[in-house]
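The structure appears below as structure tokens.
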Amino acid sequence: MASSSDQATYYIPHSGWYPIWVAVGSALLLFGLGSWLNDLKAETEPSRALFYTGAVILSVVLFAWFAKVVNENLEGLTSPQLHRSYIWGISWFIFSEVMFFFAFFGALLYARVLSVQWLGGEGAKGFTGEYLWPEFEAVWPVISNPDPAVFENPRGDMASPGLLSWGGYLPFWNTVILLTSSVTVHFAHTAIKNADRTRLLRWLGLTVALGVVFLFLQVEEYVHAYQELGLTLSSGIYGSTFFLLTGFHGFHVTLGTFMLFVQLVRAFRGHFQPKDCFGFEASSWYWHFVDVVWVCLFLFVYVF
Amino acid sequence: MSEAVLTHHDDHHHGPASGITRWLFTTNHKDIGTLYLWFSFLMLLIGGAMALVIRTELFQPGLQFVEPAFFNQMTTNHGLIMVFGAIMPAFVGLANWLLPMMVGAPDMALPRMNNLSFWILPFAFGMLISTLFMEGGGPNFGWTFYAPLSTTYAPDTVTYFIFGVHLMGASSIMGSINIIATILNMRAPGMTLMKMPLFVWTWLITAYLLLAVMPVLAGAVTMMLFDIHFGTSFFNAAGGGDPVLFQHIFWFFGHPEVYIMILPAFGVVSQIIPTFARKPLFGYDSMVYATASIAFLSFIVWAHHMFTVGMPLAGQLFFMYATMLIAVPTGVKVFNWVSTMWRGSMTFETPMLFAIAFVVLFTIGGFSGLMLAIAPADYQYHDTYFVVAHFHYVLVPGALFSIIAAVYYWLPKWCGRMYDETLGKVHFWLSFIGVNVTFFPQHFSGLAGMPRRIPDYALQFADFNMVSSVGAFIFGFSQLVFLYVVIKAIRSGRPATDRVWEGAHGLEWTLPSPAPYHSFTTPPTVTEAEAHS
Amino acid sequence: MGLGLAAAARADELNMTPGVTQISRSIYDLHMVIFWICVAIGVVVFGVMFWSIFQHRKSRGAQAASFHESTRLEIAWTLIPILILIGMAFPATQTLVAMYDTGGEDMAVEVRGYQWKWQYKYLDEDYNSTFSFFSNLATSRDEIENRVVKNDNYLLEVDEPLRIPANRKVRFLITSEDVIHAWWVPDFGIKRDAIPGMLNELWTVVETPGVYRGQCTELCGMDHGFMPIVVEVMAEEDYDAWYADRVRMEEARHEALSKTFTPAELMEEGERVYATFCASCHQANGKGLPPVFPALAGSPIATGPLSDHLDIIVNGRAGTSMNAFGNQLDAAEIAAVTHYERNAWGNDVGDVTQPIDVIEFMSGKEAEETP
Ligand code: HEA
Ligand code: HEA
Ligand code: CUA
Ligand SMILES: [Cu+2]
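The listed protein sequences correspond, in order, to chains A, B and C. If you read the first sequence in my numbering, its first letter stands for residue 18, the second for the next number, and so on. If you read the second sequence in my numbering, its first letter stands for residue 239, the second for the next number, and so on. If you read the third sequence in my numbering, its first letter stands for residue 9, the second for the next number, and so on.
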């Protein structure tokens with residue numbers, strides 16, 4: 018808990034136009050997305066203009082903002098104290114991300130342990146099932162829904178076929194890939210510490226590549242689910258939890274891969290010193306977080 | 239040490255920029271604090287105006303003023319705007335103004351993100367309020383937006399509501415990150431954790447609560463979004479989900495949320511009472527531990543909002559016991575405040591009056607909370623006006639009063655001028671009477687069986703509703719007095735001394751009034767005299 | 009101040025009702041105990057505080073003491089509240105356990121919430137419906153919109169109350185058709201959410217016959233405030249008698265569905281149904297109250313094609329007070345009333361509408377509606 022502050026080098030940034038434009042951009046983006054979705058629901062011609070405007074503003078401004086931060090750092094304006102603030106910042110940001118996933122894991126747990134049981138006529142509120150859903154069986158993964166007329170049954174699920182046949186089981190290989198990438202990104206870090214640019218580039222490049230491969234396989238997986246198994250977002254609680262958990266994770270992997278890619282570019286430009294590589298470290302922490310989330314996913318969504 | 243030496247290091251600008259861009263582009267904690275405070279007051283007026291619509295309709299039995307459909311929108315938006323627009327931003331505004339001054343820093347840790355956290359809000363609430371004017375009307379499913387009323391049966395505008403909540407969440411998360419970084423990383427040498435003023439402590443803990451539950455709320459609305467637009471079945475039994483799942487997720491956020499609205503209030507009161515009792519805060523350490531235990535307990539009591547959903551007995555018992563426990567640390571706080579006053583040398587300027595009213599009326603609200611915690615009794619209280627009475631006692635004379643007290647207390651430091659004491663007292667008495675006339679009768683109509691969220695009611699509830707409505711207008715319009723007092727002080731109040739209050743302790747009072755644009759550009763030394771007061 | 013108000017008002021406006029069941033009484037006692045405990049604590053805490061405010065004010069020359077902590081005190085005022093709370097927890101737990109003791113019931117009723125009315129299904133031993141009916145708000149728009157004086161049961165009156173026997177254990181199976189509602193009868197001390205797709209259970213034994221009123225207590229949309237609950241508790245023998253004829257009526261209906269009627273029978277039954285369900289708006293003479301309530305005599309609907317006519321009766325008209333009677337009347341009643349409307353007051357379409365026509369019409373509708 019550092020309480021000694023090096024005031025002499027306080028850096029109080031100029032007031033700047035980035036933040037408010039980020040606010041404008043994200044507001045436009047979300048409002049646009051909202052009307053887009055509503056149009057789709059109302060089956061009218063979707064109006065996407067706002068959405069794209071917001072997207073453009075947001076990406077331009079964020080780029081400028083981060084570029085500015087990077088340059089300030091190169092100019093040596095970043096005091097050790099500001100550096101510590103950044104570290105607190107990213108760490109607690111990652112914590113909030115953890116809580117976001119916590120909500121979805123919670124939903125999965127509730128569905129498996131409580132609601133599906135009750136609807137299937139078991140547990141403390143089992144009478145619900147006996148009285149309202151006599152046909153429904155409490156089995157997980159839920160392949161036949163309480164009311165298949167409303168939520169169409171999938172033909173299959175993604176559950177693990179059992180240790181022996183993991184050889185041909187994509188999620189297993191995805192796990193291997195992500196775990197490896199966590200190691201490679203660590204090597205990249207040590208490379209920075211040893212001021213070894215070539216090894217940094219090699220390991221970091223490899224990490225990014227692994228991230229891309231993971232995403233590719235994940236897409237494969239979804240195509241398989243939608244096409245062969247008829248397992249979709251709308252095929253009941255199993256599809257709902259499966260796609261939102263893996264989907265949001267995939268989204269975070271995309272983000273992480275992009276972050277690491279940016280660091281790769283910066284590495285080419287020689288931005289990183291052994292003592293000063295916060296951008297890289299932040300991205301790698303984020304990457305480790307994404308990795309841990311996947312392990313939980315693999316265990317609770319696929320295996321158990 | 240009395241004055242902080244103010245030499246300007248390479249901190250790039252020496253005073254505020256001029257014109258509107260000062261506010262749009264500012265990275266200064268004082269400017270941003272000011273923005274937050276004015277924004278939240280505007281929201282108080284709007285949310286309050288909605289409350290007045292509600293009270294007008296409820297003045298008499300029968301439908302006379304608004305349609306039921308619109309009434310539900312008023313109730314919903316009143317709740318949302320007051321919670322997310324009035325109370326929370328007001329406390330963040332106070333944090334912005336005070337934390338750097340209290341820990342001896344020049345500014346917040348991450349000034350640019352600070353600006354972003356604020357400027358997201360006007361857009362978020364713009365989006366929310368605009369839905370009221372769209373076809374189908376705005377959110378009408380209560381501020382707790384239970385599925386499926388808020389999903390399958392919701393107006394289309396619910397989509398904008400959902401994204402609005404996402405934005406508010408983002409704002410709160412960035413705000414808390416900033417506050418945590420400031421407190422843990424920007425403290426002046428010698429300002430150890432156990433020397434921090436309680437307002438700093440309560441905000442540190444509140445920030446952690448926010449970080450932990452805001453993302454969960456985001457998760458909840460995201461599931462709604464997918465149930466509405468992408469055919470998932472989280473909250474639909476036909477697909478193996480459960481509407482009650484929504485309530486569990488919501489209240490896992492929702493209960494800590496209500497403490498997010500009260501912990502900083504505890505902090506404010508713990509600053510004010512010692513000042514006007516001219517006596518150090520009693521039991522500082524226990525205050526810190528009590529706050530922490532309240533925060534911890536707030537994570538394991540959420541289902542006390544759901545006693546009637548038909549939980550299994552074991553769950554019912556667990557949540558009842560856990561909830562009752564919260565009375566203990568909260569009690570410790572109340573007792574400490576009273577002991578702080580005990581054998582002090584008290585004077586009763588406006589901030590102190592509001593602080594004392596807080597202690598009394600919050601405690602009354604706490605008592606009704608404890609009654610609600612008794613599960614079997616809650617079957618009779620739940621979703622009646624008894625609940626409405628409970629939470630208004632903890633929120634209005636609780637959270638809101640503490641904010642008003644804080645403004646009176648620190649305003650001289652902010653703008654260098656005193657407010658008009660007489661008018662301040664007028665404002666206090668009007669508010670105090672108004673708030674009780676409004677909400678005390680609601681205990682009775684609740685116990686007599688009047689449900690919440692209804693635009694029209696049976697005849698036996700008539701008398702109390704009439705009284706309550708009258709009180710609402712008294713209280714409401716007395717807030718315009720507040721507005722006047724503040725503006726008068728800023729414009730033409732007599733100059734304030736640096737110490738402002740005879741009994742005031744803490745680094746912020748060592749700065750000149752008004753406080754310089756960048757609070758401490760060289761670290762102050764923390765003397766015993768200024769430590770934890 | 010609060011007490012002043014209290015004095016001003018009637019007792020039943022002031023406090024929770026003790027109610028008419030074991031449970032409701034023990035809840036009431038619990039409520040009072042906690043209440044007085046809180047009052048006591050309040051008196052002590054505020055007493056000390058105001059004493060101090062009065063005595064230790066600067067204007068009375070009080071000098072500030074400097075003490076600012078005492079571990080002993082802190083421990084004391086942590087332990088004492090804990091003990092008080094444990095004291096409260098015991099009776100609370102007992103009551104709760106008692107409430108959860110469902111089963112061993114003498115009869116069961118399914119309570120189903122709709123936007124915005126209640127449906128009551130009387131169930132036999134194997135939980136199959138013997139008969140069921142809807143319970144709608146009976147208060148007139150005129151009262152709600154302040155055109156006439158409000159009666160004493162304003163907003164707390166229904167067209168047909170739930171009837172249960174006294175002194176028998178009644179088990180309620182509570183669920184919902186659309187959104188979450190909550191079924192609450194204060195005098196019984198029971199309240200439970202009605203959740204779509206989920207089932208909640210409640211039970212009660214009422215000792216004293218009488219009429220007991222409650223309201224929906226979960227926000228369920230526009231008319232949440234307008235779906236009251238009325239329970240008429242009957243002496244056991246009266247109940248049995250009532251139940252017997254309700255069952256007989258039900259049987260009569262069932263055969264009616266398969267029967268074909270003579271026009272005369274249809275007119276007679278139709279007139280009865282019309283009088284109970286339609287006449288209040290469309291008037292006995294079919295002239296209605298234009299513009300709000302259209303006339304049926306000579307109306308294009310009542311004299312036009314049968315399907316349109318059935319459609320408006322079965323599905324109602326959204327946004328008007330024309331209900332969808334499809335789920336409130338059975339096919340025989342709908343057939344009769346339709347036939348009546350098409351052939352009364354000088355409407356002489358001359359066709360004959362039989363239950364089977366209605367059944368076909370409705371099943372056709374369902375086929376369209378299922379996604
Ligand atoms: C600032 C906000 C705030 C605060 C601080 C509290 C504090 C408490 N609340 Fe409240 N509550 C709300 C805001 C708040 N609440 C809101 C907004 C709702 C409604 C949400 C909705 O449905 O819309 C609600 C609803 C609510 C319910 C659900 C009611 C229902 O819907 O049926 C319950 C039930 O247990 C409850 C309990 C409590 C308890 C036990 C406390 C405790 O923290 C109180 C502790 C304090 C004291 C007890 C007083 C001081 C203590 C002493 C003097 C010590 C000695 C005392 C004893 C030993 C008794 N609250
Ligand atoms: C968080 C803080 C908060 C605050 C400060 C308030 C303040 C007030 N509340 Fe609110 N209230 C809630 C939070 C709050 N409320 C919540 C969470 C709910 C639940 C919502 C739900 O059920 O979903 C609720 C519900 C609620 C209800 C129940 C509605 C229902 O169940 O149908 C009522 C009814 O009386 C009510 C009344 C009031 C009143 C009279 C005030 C007064 O204190 C307001 C005082 C008025 C002003 C301060 C306005 C001043 C304005 C003017 C003088 C007019 C000029 C106006 C302009 C220029 C724009 N509130
Ligand atoms: Cu039904 Cu409220
Ligand atoms: Cu709570």
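Backbone N, C-alpha and C fix where the C-beta goes; we use that ideal spot for every residue, glycine too. Keep in mind the model is a prediction, meaning the values are calculated, not measured.
| message | Counting only C-beta atoms, is residue 197 of chain A closer than 9 Å to chain C at any point? | response | no
| query | Tell me which same chain residues have a C-beta within less than 6 Å of the C-beta of residue 248 of chain A, skipping the five on either side of it? | reply | 171, 242, 256
| What are the boundary residues of the alpha helix (DSSP H) that includes residue 189 of chain C? | Unbroken run through residue 189 of chain C is the beta strand (DSSP E), 189 to 193; no alpha helix (DSSP H).
| said: Can you pull the chain B neighbours of residue 142 of chain A, defined as C-beta to C-beta under 8 Å? | reply: 548, 550
| query | Under three-state DSSP, which class holds residue 175 of chain C? | reply | coil
| query | So, helix, strand or coil for residue 181 of chain C, using DSSP? | reply | strand
| query | Of the residues that make up the region 128 to 153 of chain A, which ones have a beta carbon closer than 9 Å to any beta carbon in chain C? | reply | 132, 135, 136, 142, 144, 145, 146, 147, 148, 149, 150
| request: Could you tell me whether the Cβ atoms of residue 125 of chain A and residue 275 of chain A are closer together than 9 Å? | output: no
| 9 Å Cβ cut-off: residues of chain C touching residue 315 of chain B | The premise fails here: residue 315 of chain B is roughly 14 Å from chain C at the closest Cβ pair, so nothing lies under 9 Å.
| request: Note the first and the last residue of the continuous alpha helix (DSSP H) segment covering residue 103 of chain C. | output: 79 to 107
| query | Quick one: which chain B residues come within Cβ less than 7 Å of residue 187 of chain C? | reply | 386, 387, 391
| said: Classify residue 181 of chain A: buried if its beta carbon has 16 or more other beta carbons within 10 angstroms, exposed otherwise. | reply: exposed
| said: On the DSSP letters alone, give me the boundaries of the alpha helix (DSSP H) that residue 202 of chain C sits inside. | reply: Looking at the DSSP string, residue 202 of chain C is not in any alpha helix (DSSP H); the run it does join, the beta strand (DSSP E), is 198 to 202.
| Going along the chain, which residues of its own chain have a beta-carbon closer than 8 Å to the beta-carbon of residue 137 of chain C, five neighbours each way excluded? | 118, 129, 130, 131
| message | Between residue 329 of chain B and ligand 2, is there a pair consisting of the residue's CB and a ligand heavy atom that are separated by less than 8 Å? | response | no
| said: Here's a check: name, in chain order, each residue in its chain whose Cβ is nearer than 6 Å to the Cβ of residue 282 of chain B, leaving out the five neighbours to either side. | reply: 324
| request: Determine whether the Cβ of residue 213 of chain C lies closer than 9 Å to any Cβ atom of chain B. | output: no
| query | Which residue comes first and which comes last in the alpha helix (DSSP H) that contains residue 50 of chain C? | reply | 30 to 63
| query | Rounded C-beta distance between residue 124 of chain C and residue 228 of chain C? I'm assuming under 8 Å. | reply | 7 Å
| Over what stretch of residues does the beta strand (DSSP E) that includes residue 178 of chain A continue unbroken? | From DSSP, residue 178 of chain A is part of no beta strand (DSSP E); its letter is neither H nor E.
| Just checking, does the region 599 to 614 of chain B make contact with the region 44 to 53 of chain C on the three C-beta pairs under 8 Å criterion? | yes
| In three-state DSSP terms, what is residue 124 of chain C? | coil
| field | residue 291 of chain C in three-state terms, based on DSSP | value | coil
| query | What does residue 208 of chain C touch in chain B if you count any residue whose Cβ is under 7 Å from its own? | reply | 548
| said: In this structure, how does DSSP classify residue 320 of chain B when only helix, strand and coil are distinguished? | reply: helix
| message | ligand 1 and residue 496 of chain B: does any heavy atom of the ligand fall closer than 8 Å to the residue's C-beta? | response | yes
| query | For a contact meaning CB atoms closer than 9 Å, what does residue 183 of chain C contact in chain A? | reply | 145, 148, 149
| said: Within the continuous alpha helix (DSSP H) that includes residue 329 of chain B, where are the two ends? | reply: 326 to 341
| Any residues in the region 133 to 156 of chain C with a beta carbon nearer than 9 Å to a beta carbon of chain A? Which ones, in chain order? | 135
| field | CB contact below 9 Å: residue 669 of chain B versus chain C | value | no
| request: Taking only beta-carbon positions, decide if residue 628 of chain B is within less than 9 Å of chain C. | output: no
| message | Under DSSP, the alpha helix (DSSP H) around residue 502 of chain B begins and ends at which residues? | response | 501 to 515
| field | the region 299 to 314 of chain C touching the region 351 to 371 of chain C, judged by at least three CB pairs closer than 8 Å | value | yes
| query | Using a beta-carbon distance cut-off of less than 9 Å, what residues from the region 411 to 433 of chain B approach chain A? | reply | 411, 412, 414, 415, 416, 418, 419, 420, 422, 423, 424, 425, 426, 427, 428, 429, 430, 431
| query | Looking at the unbroken alpha helix (DSSP H) that takes in residue 617 of chain B, where does it start and where does it end? | reply | 613 to 619
| task | Please state whether DSSP places residue 116 of chain C in a helix, a strand or coil. | result | strand
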